[in-house]
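Chains as they are written, first to last, in the numbering used here: chain A, 104 to 499; chain B, 245 to 416.
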């Protein structure tokens, strides 16, 4: 019986997971070295949904780039729009009116709740909590209804424009939104009642996937992952953009940085977002929703039949687009996944000469090896869910 | 952001410790940038990271822009962040495009900023810029057998054969 006493734990098997696998939250391929069920080494292989968006942007005039960049990180499209429009506004030196600032803040925060709901539903599903998916997508649908009401589209709304937003919110929108933000904290409380002290959920998340704060900072990780490790770093507080300096909200932080903290931080962020939306609604006053600079902003539709100048501006903007003086700008905002930066290089023509997105999913994915090595393969899948990468943003 | 005089102060201090490392400064649209000698990029980055008064310890983004037809063609941008003072500083290294088969080269900053690993691979993938001493200088998003550097300005949009449509016989 000599072979039975052999140490079989040393046998390492390399397993390929994905790229098409429901547990990888997108088209992500993982090459994993397993010793039994323990992950010894891991390499993410990306690029399966690379569509060359950054290159395509160089061939479009500035205002036509907006729908392209929305489709990078397809769960947080308002953030992509804000990063790009904000960068172009800084390039041309365009101030956006106060109402547009509030409207953008409201839609960004609704999008943050939406993104976290998609994350919570799918990640809890990975851990076996199937009902969470239905509850989360029920609330997500109400947000999509609000998007549809304001912009006409449920996803990829193209609502933000260079200079403001395309349309004011319609009649009845505010009432519907206030109902939603009154309901949402209650619903978050229900999620917490289901998960916070759930034995299965706790044993799957507590103490799993811990990466130290210092290591996360070295790897450039930002967003809820960094905050869960106890670092209160949030660009909404650090930098002055949109209406964030005027509203009162808190930054939830974790203590040890395990998957449970990551869950708690994101859930607490949803509640904070509803507070931001509510305050922005209260502070918002009537007024123009887009800047009044005809060199960059389309004239109102009603003027086209009466004013020759408006017609010329409209024609110039729609055919050629506006030209931007040479220069370069890096503008970053806090997306649901961390620092979303947009770099735009202008060469004087009406098309950007380079558009680059610093996508938080792309950078955060580098921490996945640190999170997963040494844990069980089932916990690796849980950690990937808690990392919350959107592969459209990773691959661009 | 350091303001324009603050940027000149930083330049003066680097020049005192490492003469000739900073070639120019620019302060445009409220964003400060140092244009540095590509051969001394690691010296400048580690100075900015370690010098007690500076401590730009977080690399937000590393990306490349192609300034064709300008003379040093490629600009490698390092968006540094000082999280204590909440200040951003852009460091730019301008690289000359060598003759055809040779690729522009610069030192890798992975030792200083481990976050740059994927971003340097991305820069290599799309612009063909080689980062010396990078642990794994391979393509990251495009297939390994891809030929060409698609984000360069002289690479046409749609210049890539699409082999599964009507033109598959043309391109094989």
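The beta-carbon is built from N, C-alpha and C at its ideal position, and this holds for glycine as well.
When the Cα atoms are used, what is the spatial distance from residue i to residue j?
| i | j | result |
| --- | --- | --- |
| residue 393 (chain B) | residue 294 (chain A) | 48 Å |
| residue 228 (chain A) | residue 308 (chain A) | 13 Å |
| residue 390 (chain B) | residue 322 (chain A) | 28 Å |
| residue 423 (chain A) | residue 397 (chain B) | 20 Å |
| residue 180 (chain A) | residue 268 (chain B) | 37 Å |
| residue 429 (chain A) | residue 273 (chain B) | 11 Å |
| residue 149 (chain A) | residue 221 (chain A) | 21 Å |
| residue 470 (chain A) | residue 476 (chain A) | 10 Å |
| residue 310 (chain A) | residue 354 (chain A) | 22 Å |
| residue 309 (chain B) | residue 457 (chain A) | 6 Å |
| residue 443 (chain A) | residue 260 (chain B) | 35 Å |
| residue 464 (chain A) | residue 377 (chain B) | 25 Å |
| residue 394 (chain A) | residue 431 (chain A) | 22 Å |
| residue 295 (chain B) | residue 361 (chain B) | 23 Å |
| residue 183 (chain A) | residue 271 (chain B) | 26 Å |
| residue 352 (chain B) | residue 473 (chain A) | 22 Å |
| residue 338 (chain B) | residue 225 (chain A) | 44 Å |
| residue 187 (chain A) | residue 169 (chain A) | 7 Å |
| residue 104 (chain A) | residue 486 (chain A) | Reliability fails at residue 104 (chain A), whose pLDDT of 44 lies under 50, so the model's placement of it is uncertain and the value that follows must be treated cautiously. Roughly 40 Å between the two C-alpha positions. |
Which residues in chain B have a C-beta closer than 8 Å to the C-beta of residue i? List them in chain order.
| i | result |
| --- | --- |
| residue 123 (chain A) | Result: empty, since nearest Cβ-Cβ is about 17 Å, beyond 8 Å. |
| residue 322 (chain A) | 358, 359 |
| residue 336 (chain A) | 327 |
| residue 482 (chain A) | Per Cβ cutoff of 8 Å: no residues; residue 482 (chain A) is ~23 Å from chain B at best. |
| residue 149 (chain A) | 384, 385 |
Thinking just about the alpha-carbon of each residue, which of the options is nearest to the one in residue i?
| i | options | result |
| --- | --- | --- |
| residue 305 (chain A) | A:337, A:321, A:231, A:416 | A:231 |
| residue 278 (chain B) | B:384, B:246, B:376, B:351 | B:246 |
| residue 245 (chain A) | A:365, A:335, A:205, A:216 | A:216 |
| residue 255 (chain B) | B:379, B:333, B:360 | B:333 |
| residue 327 (chain B) | B:301, B:400, B:336 | B:301 |
| residue 290 (chain B) | B:355, B:374, B:307 | B:355 |
| residue 402 (chain B) | A:256, A:324, A:158, A:264 | A:158 |
| residue 275 (chain B) | B:282, B:331, B:258 | B:331 |
| residue 358 (chain B) | B:345, B:306, B:373 | B:306 |
Quick one: list the residues of chain B neighbouring residue i, beta-carbon separation under 9 Å, in chain order.
| i | result |
| --- | --- |
| residue 395 (chain A) | The premise fails here: residue 395 (chain A) is roughly 21 Å from chain B at the closest Cβ pair, so nothing lies under 9 Å. |
Identify the contact partners of residue i in chain A, using a Cβ-Cβ distance below 7 Å as the criterion.
| i | result |
| --- | --- |
| residue 334 (chain B) | 433 |
| residue 395 (chain B) | 157, 158 |
| residue 304 (chain B) | 435, 442, 444, 461 |
Strictly below 8 Å CB to CB, what residues from chain A border residue i?
| i | result |
| --- | --- |
| residue 362 (chain B) | 465, 466, 468, 469 |
| residue 365 (chain B) | Chain A residues near residue 365 (chain B): none, gap ~10 Å exceeds 8 Å. |
| residue 354 (chain B) | Under the 8 Å cutoff, chain A gives no residues; its nearest Cβ is about 11 Å from residue 354 (chain B). |
| residue 378 (chain B) | Residues of chain A passing the Cβ test: none, with the nearest at roughly 14 Å. |
Mind checking who residue i pairs with in its DSSP beta bridge?
| i | result |
| --- | --- |
| residue 449 (chain A) | A:430, A:455 |
| residue 307 (chain B) | B:321 |
| residue 264 (chain A) | A:267 |
| residue 348 (chain B) | For residue 348 (chain B), which the question treats as bridged, DSSP gives no partner whatsoever. |
| residue 269 (chain B) | B:278 |
| residue 479 (chain A) | A:141 |
| residue 147 (chain A) | A:133 |
| residue 332 (chain B) | B:325 |
| residue 374 (chain B) | B:349 |
| residue 357 (chain B) | In the DSSP output, where bridge partners are listed per residue, residue 357 (chain B) has none listed. |
| residue 493 (chain A) | None, per the DSSP bridge assignment. |
| residue 438 (chain A) | A:441 |
| residue 393 (chain A) | A:267 |
Could you give the DSSP three-state label for residue i: helix, strand or coil?
| i | result |
| --- | --- |
| residue 200 (chain A) | coil |
| residue 308 (chain A) | helix |
| residue 128 (chain A) | coil |
| residue 550 (chain A) | Outside the shown range of chain A (104 to 499) lies residue 550 (chain A), about which nothing can therefore be said. |
| residue 337 (chain B) | strand |
| residue 464 (chain A) | helix |
| residue 350 (chain A) | coil |
| residue 179 (chain A) | coil |
| residue 443 (chain A) | strand |
| residue 218 (chain A) | helix |
| residue 302 (chain B) | strand |
| residue 388 (chain B) | coil |
| residue 104 (chain A) | Interpretation of residue 104 (chain A) is limited by its pLDDT of 44, a score under 50 that renders its predicted location unreliable; no figure is taken from the coordinates. |
| residue 170 (chain A) | helix |
Please confirm whether residue i has its beta-carbon closer than 8 Å to some beta-carbon of chain E.
| i | result |
| --- | --- |
| residue 290 (chain B) | No chain E appears in the structure shown, which is made up of the protein chains A and B. |
Mind listing the chain B neighbours of residue i? Cutoff is C-beta to C-beta under 7 Å, in chain order.
| i | result |
| --- | --- |
| residue 341 (chain A) | 330 |
| residue 426 (chain A) | What residue 426 (chain A) touches in chain B: nothing, since even the nearest Cβ is about 16 Å away. |
| residue 193 (chain A) | 273 |
Quick one: which chain A residues come within Cβ less than 9 Å of residue i?
| i | result |
| --- | --- |
| residue 299 (chain B) | Ordered by position in chain A, no residue passes the 9 Å Cβ test against residue 299 (chain B), which lies about 12 Å from the chain. |
| residue 309 (chain B) | 431, 446, 448, 456, 457, 459 |
| residue 284 (chain B) | Simply none; closest approach about 22 Å. |
| residue 323 (chain B) | 433, 435, 444, 446, 461 |
| residue 272 (chain B) | 430, 431, 432 |
| residue 401 (chain B) | 155, 158, 159, 161, 162 |
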